[in-house]
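When the letters of the sequence shown are read in order and numbered with full-length UniProt numbering, they come out as residues 1 to 272. Note that beta-carbon positions come from the ideal geometry of N, C-alpha and C, so glycine has one too. All figures in this text were calculated on a predicted structure; none of them were measured in a lab.
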Amino acid sequence: MSEALVVAQVEEQLLDLGLKRAAAVLPACVEWAAGQEATYVAFLQRLLEAEQEERHSRAMQARLRLANFPFHKTLADFDFSFQPSVDERQIRELATLTFVQECGNVIFLGPPGVGKTHLAVALGMEAIRQRMSVYFVTMQKLVSDFLRRAYQEGRLDRRLRVYTQPKILICDEVGYLPLDALDAANFFRLVSERYERGSLLITSNTSFTNWGTLFGDQVLAAALLDRLLHHATTVNIRGNSYRMKDKLRAGVTHGFSATRDEANTCVGNESR
């Protein structure tokens with residue numbers, strides 16, 4: 001039996017086993033093994049590595065789709081020079097995801113446009129690269145579209161499981177709109193159920209001292225922050241809107257930088 005026929009038969013066998021990538025690279029692996037005088041084990045390893053890489057890639061793409069990110073950006077895309085208030089070393093340390101293993105939280109505070117969501121997504125992307133489950137949702141959609149509706153339909157417990165299962169839940173734009181009593185209570189329950197079981201990444205433009213107003217209940221806000229900050233890193237960001245950086249650098253617009261009052265709203269001694 002000729003070698004070409006054997007290769008064709010092996011390709012068919014690989015396809016039958018669902019090893020599509022291995023079947024696709026088989027001829028190239030055979031040629032490589034002949035040229036390198038590789039051992040059978042080395043040939044098999046090269047073939048299986050190709051299949052493994054393809055499967056990992058497909059799994060990562062699936063996790064990215066399920067994560068519901070608004071965009072795909074990494075730390076390599078973040079302009080640390082434009083936001084000198086961001087400690088790059090601290091962010092790189094967070095990117096090791098040690099906090100996830102400890103079920104810790106990360107909270108990004110700052111005025112609009114300074115890169116809070118970018119950094120949260122970048123950490124989420126790194127988590128997915130490390131085969132962790134991540135889900136992204138804005139606060140408004142979470143409490144109004146999802147939790148409130150589930151509560152009204154009598155299926156809140158089932159809906160909460162969607163947000164307690166991921167290793168990381170990213171909750172974006174906390175503080176942009178005040179919450180009514182029901183939404184505040186539902187969010188508190190979610191945070192309580194994730195406490196010391198999974199990590200939360202939160203972005204907010206509201207200082208912790210104002211969360212009582214945000215949630216309409218000082219006692220509930222205090223209990224919420226007690227759980228959030230017990231194992232948490234708070235990153236305060238001060239600076240100009242990243243969205244307007246090109247215009248600001250060109251000097252063609254004014255008034256888009258965070259004012260001192262705005263920066264002070266989101267800055268304090270909240271880091272834990």
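Rounded straight-line distance, which links the Cα of residue j to that of residue i
i    : j    : result
S81  : T74  : 16 Å
Q9   : E53  : 23 Å
G175 : E12  : 57 Å
R55  : A24  : 14 Å
M60  : R131 : 7 Å
F188 : R63  : 27 Å
F43  : E37  : 10 Å
H118 : A4   : 51 Å
G18  : G212 : 55 Å
N205 : Q83  : 16 Å
Neighbourhood of residue i by C-beta distance below 8 Å, restricted to the same chain and skipping five residues each side
i    : result
N186 : V143, L147, R148, Y151, L156
L182 : R148, Y151
R92  : L75
Pair within 7 Å by beta-carbon distance, residue i and residue j
i    : j    : result
T138 : D180 : no
Y135 : L169 : yes
A120 : T203 : yes
A22  : E51  : yes
L109 : N236 : yes
Residues that DSSP places opposite residue i in a beta bridge
i    : result
T138 : D172
N236 : L109
L201 : V106, I170
Own chain residues within Cβ distance below 7 Å of residue i, not counting five before or after
i           : result
A95         : L75, L123, E126
residue 312 : Missing from the structure shown is residue 312; the chain here goes from 1 to 272 and no further.
A184        : F215, G216, D217, L220
S199        : F99, V100, C103, G104, N105, K167, I168
Below-7 Å beta-carbon distance, residue i vs any chain B residue
i    : result
E153 : Among the chains in the structure shown there is no chain B, since it carries only a single protein chain.
Nonlocal neighbours in the same chain, by C-beta distance under 6 Å from residue i, ignoring five residues either side
i    : result
Q101 : none
P178 : L214
T164 : E193, R194
Under 8 Å: do the segment 108 to 122 and the segment 223 to 241 share three or more Cβ pairs, one atom per stretch? yes
Could you tell me whether the segment 190 to 205 touches the segment 221 to 236, where touching means 3 or more Cβ pairs closer than 8 Å? yes
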